[in-house]
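Going by my numbering, the sequence shown opens with residue 594, and the numbers climb by one from there.
Beneath this line is the structure, given in C-alpha cells, with notes to follow.
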Amino acid sequence: MSKNYIFTSESVTEGHPDKVCDHISDAILDEFLRQDPDSRVAVETLVSTDFVTVAGEVTSKGKFDIEKVV
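If you want it as C-alpha cells, here you go:
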C-alpha cells in the first residue's frame, strides 16, 4: 500500500525578518553554549519596525548582555 504525502517548505531571501530573527536567536544560543555547553535554550525572536522582542526559556550558567547581541 503506497502512502501519499505532500512535502512543503518555506524559503525567504536575505534581509527578510525571518532571517533576521533566526540570526539573533542563533547568536544567543551560540553564546550560551560557548559559556556553558550544558545550557538548555528555547529562544524565539520577534521583530517589527524599530522593535525587537526576545522571548523564551534558558537554563544556563552562562551570563551575558542579550541586548548587545540584538
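Glycine included, each C-beta is placed from N, C-alpha and C at the ideal position.
Its Cα nearest to that of G655, the residue R627 stands out among S618, F600, R627 and H609. Collapsing the DSSP output to three states places S618 in a helix. Shown here, E624 sits in a helix according to DSSP, grouped into three states. S604 is bridged by DSSP to nothing; it lacks a bridge partner. Its chain contains A635 as the residues whose beta carbon lies nearer than 7 Å to that of E650, once the 5 sequence neighbours on both sides are disregarded; these appear in chain order.
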